[in-house]
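Protein chains in written order, with numbering that gives the first Met the number 0: chain A, 0 to 323; chain B, 0 to 204; chain C, 0 to 638. Even glycine gets a Cβ: it sits at the ideal position worked out from N, Cα and C. Computed from a prediction, not measured in an experiment: that's the story for all the values here. Comments concern the structure below.
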Amino acid sequence: MNFNAQHLIIGLIQFIIIVMLAPFFAGFIHKLKQRARGQKGINIFQFYINFNKLLKKELVLSKDATFISNIAPYIVFVTYLIILLMLPAFYRYSLLGISSDVILIAYSLALATFFMTLYAMDHGSAFGGLGASREWFLTVLSEPSLIFIFISLAIFTKQGRITDIFYVIQKGAENAFLTGAGSSTVSVAIPFLLFISLFIVSISENARIPIDNPETHLELTMFHEANILEASGKHLGLYEYGSYLKLTVFLTIMSLILFPYMAVNIYQIPLAFIIYVLKMIILCIFIAGVEIVNPKMRVFRVPNILSVSFILSLIAMILSIRRF
Amino acid sequence: MIMEKIAELFIILILVSVVLNVSSPFIKFAIKLYSFQSLMLAFYILMGAVHFNSINLYGSFAITIIFKVILIPYFLFKTLKKVKMDKEINMYIGIPEAVVFAGSLTLLSNLIAQKIIKTGITFGSFVFTISLATFLIGAMLMITRKTLFSQIIGFLTIDNAIFLAANSITHGMPLLVELGVLFDLFVSILILSLLILNLRRNVAS
Amino acid sequence: MDNLKHKGIFRYFFNFLTILSAAFFTVLSIYYFKSEFILQSSFINFSFKFNALSLFFVIFISSVSVFISIFSIKYGDKYDDKPSLFIYSFLFIISMLILVISNDMLTFLIFWELMSIFSFLLVIYEGNEESRKAGFLYFLMTHIGTILITAAFIMLYLKTSSFSFDYYKGAAGIIILAAAITGFSIKAGIMPFHTWLPYAHPVAPANISAVMSGVMVNMAIYGILKFLFVFSSGSDSFLGIVLLVIGALSALLGIMYAMAQKDIKKLLAFSTIENMGIIFMGIGISYWARVENFQSLEYLAMAAVLLHIINHGLSKSSLFMGSGLIDKYTHTRNMEKLGGLSKKMGQLSVLFLIGIMSISAMPPLNGFLSEWYLYISLIGSVFTGNLYMVYFSIIAIALLSLAGAAAGAAFTKLFGITFLGKPRTANAENTKKSHIIERIGIALPVVLCIYIGVYPYQIISSLNAVIFYLTGGTVNPNPFTAVRALKVHSFSLYAPLIIVAVFAVLLLIIFFYFKIFASDKKRVFETWACGLDEKNPKAQYSGSGFSSSIMKVFSSFYSSVSEIDFERDVKKYFRSKSVYTEEVNDIVEKYIYIPAGKLYYKISEIFNKAVNSANINVSLGYLFLTLIVCFIIYIFIIR
């Protein structure tokens, strides 16, 4: 790994672009859902406006709040930023690519959950405890699948860093396409399995409909929303933006599994960027479709679907070890 | 090469549909999944047919489509409509446990397949693992579920698994044998449907 | 008044003595590194040797016990009435320190037994019903372990006809190893033998629990390392797989039970079982790789083991000390009666939070580092392509990842219920601030946790000497290239320093962005309670409520009994009170230990009837029979 100045600069630009785009993707999904339900729908850039508005608002803290309330929103937000810094979206060398270990990413997500749930329990409200309990319920079920997905990718490509993993897949696909020769890192089946599995995990981690519905404020249906119910002002802004970032993290990983194309030099960047945005939009449409078609699921039926995701990633891992 | 990779996708989808079947208690969904699974099997056979250019396999593809994708699910749906069953309630083990169990069966079948079969014999690199896993999970479905419908689905899954294994290694059985097997299967499904209906009429009133 | 002044003298004396002797032992073992000496007495020779492994353990034991002694200089003042605590704990620590430098089996066994006895005396120190019960169980289990260890040593003696460890190299076969590992895993609290641990660790005073959980269980790990990597003849790779699987199972079950606990110290005790499981997994991989000749994997897993011993020791002792402070100032260890402690005990809650983050493996703290090493070793053992190891390591990855997530849940529960929210009872509300010396005792290991987590290069390069002693190789001290030694070139990197630096920079950027663009207005107001005017702190989520949904999904791991008790004759919506009781039982205890106890009881009853008759002739007959049997054994078997 060489500390090339060009890589660092483009990595930084890539990071800034993804962070700026994150609310757009979330807003796009929201808009699609609303249009499909026959509503007029929000402005596609509404979430940027919301964030700005929340920053201008007054911060209301509970009487019972402790230091956790003052640090948790920042830690959650910055953790997601760190994960985004590790991900290669359309340029092969991300800024933190040197330390973008897959297990680190999975555990960083757990760190964010940890602080968000502590924040929820900080205010002494019954909703907070409920949200924290349910959030961990989901995390305990989805974290193993996430780690399995990542380790399957690592075993499949024999690489540990997420930048290298997708680069190896990309190289293999390019070779197979250009020369028609197969290699061990070319497969349609294994990425497909991982894609389905990751899709289920991202629906559960990002509070999407069959599992959670953040649009309602009914305690029976709340998962994610109950955690940040007491947040206001800039804290709420950070949490909301953090959830867009998390969605972007998952969508980016999915887009890379779906079609790994990353620019390796400066001339490929425009094409890679266009492909990236296209993939993301397709995935957004896909997620919006799933959200429209399905009703909200009963809480204790969630393990059924998450166990399927776990087992699919297990099967992917089993099939990728057949290679050596 | 490309054909083989796409064929792998189809076999994976067979296993995915079986795992989904384990995870869902709804019978209608299970029949749909069976139909889908047979379709994937048919596509796999088609890929093999294109790859090996074998007429037997083309024939096999056509019969699979006719019998397994259309006729058997059609009869099952018809019976289901008459008995008005919605979902499986009686299961010996819970769904998440069953799914995890299915996963460990896959692990086991990969171990067995690695011991028995050398890679490179079959068309598609892990067909034998998948067919063995499908076989075992089908058997598990028959064991853990109580209603006859789910057991029929399990039975059909086992049949698909055997069909898959046979087609992957032999590059197509003689058409006559295949036709006979499928016809047997079809008749047995008819008999089972009749049985379900009669049982309903006589016992549940 | 005079009496009161006199009271603390034992406490000060023995705590300072502990600190001094810890320092003495450290200096001794550094100064006399790689040399040995023999202490001759009239009937027995004690021989000692200082090697890298014992140096590592001496430094580990002495540093943790120094922290704990600093802590108990002030914390111990509630035990001044019965100063035997300080004497016992001093002797307990000393016997552990001598244990790890002993170089022959008699010395080892004597100090092992002394360690067990002093810890037993400390377990029953409080003298109430609960501690006596726990003490009995501990005494029983630990002696079964000692019997097995002694048996292993005797077999070694028969094989080599020497007491000295120097002659045992490569002598232990599979039976000896199995006996020793079983014996040591009773001490370590590994899953089928863990039953004593969650009873014995919580009932002791908190500073002793910290020593027991943070240090004493690691003595068992020391024994296992000694047997597997020094004494073993190195031919049975399946033993490694067995250790891996057992370790993974106890990691998962340990943390699952931890989640169900209400008692803070019991939760921590179960978490010790989890961490011992993680260490066992590392040992299993390392031993397997040693036998199967995958050198780099062996070194890597050994690094994971040693790092995890340190990390667990530091964070667990700090957490136990913290729980002791909670107990001291609120007079309860039950989470359901606490809450909102963060207000009054602000600094303690920060320290506790860091300890919790470390033990639940949150990056960038040290707990994550060792878990990361373990994950990489597991992936590495998948890469070896060995038919069985591949599958077992996949299963282990599954169990470990589940345990990791569950640890997060369990410790969120611990911190959230105890320190956050509103105080649930008056005890929690009227708590006082802890003393500064107590907090310093907790802060030292916590600071080390952060240091190891953020800048691990130093500690890993120091550990390399130990890894070299045990396995004959080293890992690259730089986590940048830690795994380059694996079969796969440049597998993965983890650079905590860079991550933390970037984290800080991003925080600064956000801070300045908010300074410019965000409003500074802030208001403190009551928590919204659905418009109700209710101030009842019981309306918060309870600890058992927090974990109930997870426990429901994994209900096959528990055998829990819960019931709701209410006044039957009152209509449903007008009940003035209803009582909910829940009891979570250990399945191992319920399905193995209790039936075994009953069986034992039954058999002994039969024997009792047969043997203990009133007739003196029959008794004499038994004596005679015993004599004859002894003669026969002597003639035909021993000769």
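Q) Taking the DSSP output, what are the residues bridged to alanine 262 of chain A? A) On the first sequence, residue 262 of chain A is found 263 positions in, with the first residue counted as 1. For alanine 262 of chain A, which the question treats as bridged, DSSP gives the partners A:Tyr90.
**Q.** First through last residue of the beta strand (DSSP E) which encompasses aspartate 564 of chain C
**A.** Locating residue 564 of chain C in the third sequence gives position 565, where the first residue counts as 1. Residues 557 to 565.
Q) Roughly how far, in whole angstroms, is the beta-carbon of isoleucine 549 of chain C from the beta-carbon of phenylalanine 191 of chain A, given that I think they are within contact range, below 8 Å? A) For this step, residue 549 of chain C is matched to residue 550 along the third sequence. For this step, residue 191 of chain A is matched to residue 192 along the first sequence. Not really, about 31 Å apart at Cβ, beyond 8 Å.
Q. What do you reckon, are the CB atoms on glycine 339 of chain C and lysine 421 of chain C nearer than 8 Å?
A. Taking the third sequence and counting its residues from 1, the one referred to as residue 339 of chain C is at position 340. Taking the third sequence and counting its residues from 1, the one referred to as residue 421 of chain C is at position 422. Yes; because the gap between Cβ atoms is below 8 Å, this pair is in contact.
Q: For valine 139 of chain A, decide whether its Cβ has a neighbour in chain B, counting only Cβ atoms nearer than 8 Å.
A: Within the first sequence, the letter at position 140 stands for residue 139 of chain A. Cβ-Cβ to chain B under 8 Å: no for valine 139 of chain A.
Q: Below 7 Å CB to CB, which residues in the same chain sit around phenylalanine 162 of chain C once its five sequence neighbours on both sides are set aside?
A: Residue mapping note: residue 162 of chain C aligns to position 163 of the third sequence, counting from 1. Result list for phenylalanine 162 of chain C: Asp103, Met104, Leu105 and Tyr156, in chain order.
Q.
Report the CB separation of alanine 171 of chain C from serine 232 of chain C in whole angstroms; it is logged as a contact under 8 Å.
A. In the third sequence, residue 171 of chain C corresponds to position 172, counting from 1. In the third sequence, residue 232 of chain C corresponds to position 233, counting from 1. Right, their Cβ atoms sit about 6 Å apart.
Q. If we ignore side chains and look at the alpha-carbon of each, how far apart do methionine 388 of chain C and valine 15 of chain B end up?
A. Locating residue 388 of chain C in the third sequence gives position 389, where the first residue counts as 1. Locating residue 15 of chain B in the second sequence gives position 16, where the first residue counts as 1. Cα to Cα, the separation comes out at about 26 Å.
Q) Nearest to threonine 430 of chain C by alpha carbon, out of C:Ser359, C:Leu324 and C:Gly472? A) Working through the third sequence from its first residue, we reach residue 430 of chain C at position 431. Considering only alpha carbons, the answer is C:Leu324.
(Q) Quick check on glutamine 267 of chain A: does DSSP put it in helix, strand or coil? (A) Counting from 1 along the first sequence, the entry for residue 267 of chain A is found at position 268. In the structure shown, glutamine 267 of chain A sits in a helix (DSSP, three-state: H, G or I).
Q: Please report how far the alpha carbon of serine 53 of chain B lies from the alpha carbon of isoleucine 129 of chain B, in whole angstroms.
A: Counting from 1 along the second sequence, the entry for residue 53 of chain B is found at position 54. Counting from 1 along the second sequence, the entry for residue 129 of chain B is found at position 130. If you take the alpha carbons of serine 53 of chain B and isoleucine 129 of chain B, they lie about 23 Å apart.
Q) Below 8 Å, can you find three or more Cβ-Cβ pairs linking the segment 251 to 261 of chain C to the segment 291 to 305 of chain C? A) no
Q. By how many angstroms is the C-alpha of phenylalanine 134 of chain B removed from the C-alpha of histidine 29 of chain A?
A. Within the first sequence, residue 29 of chain A is the residue found at index 30, counting from 1. Within the second sequence, residue 134 of chain B is the residue found at index 135, counting from 1. Near 43 Å, if we compare the C-alpha coordinates of phenylalanine 134 of chain B and histidine 29 of chain A.
(Q) Can you confirm whether serine 204 of chain B, when its beta carbon is compared against all beta carbons of chain C, has any partner nearer than 8 Å? (A) By 1-based counting over the second sequence, the position of residue 204 of chain B is 205. Low per-residue confidence applies at serine 204 of chain B: pLDDT is 47, beneath 50, and the placement is therefore not dependable enough to give any value.
Q) Enumerated in chain order, which unbroken segments of the alpha helix (DSSP H) with a length of 4 residues or greater are wholly contained in the segment 210 to 240 of chain A? A) 223 to 226
Q. Buried or exposed: which applies to glutamine 5 of chain A, given that a residue is buried once 16 or more other Cβ atoms fall within 10 Å of its Cβ?
A. On the first sequence, position 6 is the one that residue 5 of chain A refers to. Flag for glutamine 5 of chain A reads exposed.
Q. At a cut of 8 Å, does the segment 147 to 167 of chain A reach the segment 461 to 469 of chain C through at least three beta carbon pairs?
A. no
Q: Identify whether aspartate 519 of chain C lies in helix, strand or coil by the three-state DSSP scheme.
A: Translated into the one-based positions of the third sequence, residue 519 of chain C becomes position 520. Coil at aspartate 519 of chain C, not helix or strand.
(Q) Tell me the DSSP secondary structure of phenylalanine 162 of chain C in three-state form. (A) Start at 1 with the first residue of the third sequence, and residue 162 of chain C comes out as number 163. Coil, per DSSP.
Q. In terms of residues, what are the limits of the alpha helix (DSSP H) holding serine 236 of chain C?
A. Numbered from its first residue, the third sequence carries residue 236 of chain C at position 237. Neither: serine 236 of chain C is in no alpha helix (DSSP H) and is coded neither H nor E.
Q: List the residues of chain C whose Cβ lies closer than 8 Å to the Cβ of proline 95 of chain B, in chain order.
A: What you label residue 95 of chain B is simply residue 96 of the second sequence in a count that begins at 1. Chain C residues near proline 95 of chain B: Val552.
Q | Nearest-angstrom Cβ-Cβ length linking arginine 207 of chain A and glutamate 290 of chain A, presumed shorter than 8 Å | A | Locating residue 207 of chain A in the first sequence gives position 208, counting from the first residue. Locating residue 290 of chain A in the first sequence gives position 291, counting from the first residue. 6 Å between Cβ atoms; contact.
**Q.** Contact with chain B by phenylalanine 323 of chain A, beta-carbon distance below 8 Å
**A.** Walking along the first sequence from the start, residue 323 of chain A turns up at place 324. Note on phenylalanine 323 of chain A: pLDDT 46, under 50, position unreliable in the model; the coordinate value appears next. Not closer than 8 Å to any Cβ of chain B, the Cβ of phenylalanine 323 of chain A fails to qualify, so no.
**Q.** Close beta carbons around isoleucine 41 of chain A, own chain, < 8 Å, minus the five adjacent residues each side
**A.** On the first sequence, position 42 is the one that residue 41 of chain A refers to. Within the same chain, isoleucine 41 of chain A has close Cβ partners Gly26, His29, Lys30 and Gln33.
Q.
I need the boundaries of the alpha helix (DSSP H) containing isoleucine 37 of chain C, first residue and last residue.
A. To locate residue 37 of chain C, count along the third sequence from 1; it is residue 38. Counting along the chain, isoleucine 37 of chain C falls outside any alpha helix (DSSP H), though it belongs to the beta strand (DSSP E) covering 35 to 39.
Q | Beta-bridge partners of threonine 580 of chain C, as assigned by DSSP | A | Translated into positions along the third sequence, residue 580 of chain C becomes position 581. Bridge partners of threonine 580 of chain C: C:Glu562.
Q: Pick helix, strand or coil for phenylalanine 32 of chain C, following the three-state DSSP scheme.
A: On the third sequence, residue 32 of chain C is found 33 positions in, with the first residue counted as 1. Reduced to three states, the DSSP call for phenylalanine 32 of chain C is coil.
Q.
Buried or exposed, going by whether 16 or more other CB atoms sit within 10 Å of the CB of methionine 120 of chain A?
A. Reading the first sequence from its first residue, position 121 is the one you call residue 120 of chain A. Classification of methionine 120 of chain A: buried, given that the 10 Å Cβ count is 16 or more.
**Q.** the ligand NAD heavy atom lying under 7 Å from the CB of tyrosine 390 of chain C
**A.** The ligand NAD is not part of this structure, which contains no ligands at all.
Q) Looking only at C-alpha atoms, which of B:Leu12, B:Leu198 and B:Tyr91 sits nearest to proline 24 of chain B? A) Against the second sequence, residue 24 of chain B aligns to sequence position 25. Among B:Leu12, B:Leu198 and B:Tyr91, the Cα nearest to that of proline 24 of chain B belongs to B:Tyr91.
Q | Interface residues of chain A facing lysine 4 of chain B [CB-CB closer than 9 Å] | A | Walking along the second sequence from the start, residue 4 of chain B turns up at place 5. Here the neighbours are Ala175, Gly181, Val185, Ser186, Val187 and Ala188.
Q: Could you tell me which chain A residues have their CB closer than 9 Å to the CB of glutamate 291 of chain C, listed as they occur along the chain?
A: Locating residue 291 of chain C in the third sequence gives position 292, where the first residue counts as 1. Going along chain A, no residue has its Cβ under 9 Å from glutamate 291 of chain C, so there is no contact; the nearest lies around 15 Å.
**Q.** Cβ shell of glycine 153 of chain B (< 6 Å), same chain only, five flanking positions each side left out
**A.** Position 154 of the second sequence, counted from the first residue, corresponds to residue 153 of chain B. So the qualifying residues of the chain are Gly137, Leu140 and Met141.
Q.
Quick test of your reading: isoleucine 17 of chain A and alanine 88 of chain A, contact by CB under 8 Å. State the CB separation rounded to the nearest angstrom.
A. Translated into the one-based positions of the first sequence, residue 17 of chain A becomes position 18. Translated into the one-based positions of the first sequence, residue 88 of chain A becomes position 89. Right, their Cβ atoms sit about 5 Å apart.
Q) Just reading off the beta strand (DSSP E) that leucine 58 of chain A is part of, what are its end residues? A) Locating residue 58 of chain A in the first sequence gives position 59, where the first residue counts as 1. From DSSP, the beta strand (DSSP E) with leucine 58 of chain A extends over 58 to 61.
**Q.** DSSP three-state assignment for aspartate 585 of chain C, whether helix, strand or coil
**A.** Position 586 of the third sequence, counted from the start, is the residue given in the question as residue 585 of chain C. Strand, per DSSP.
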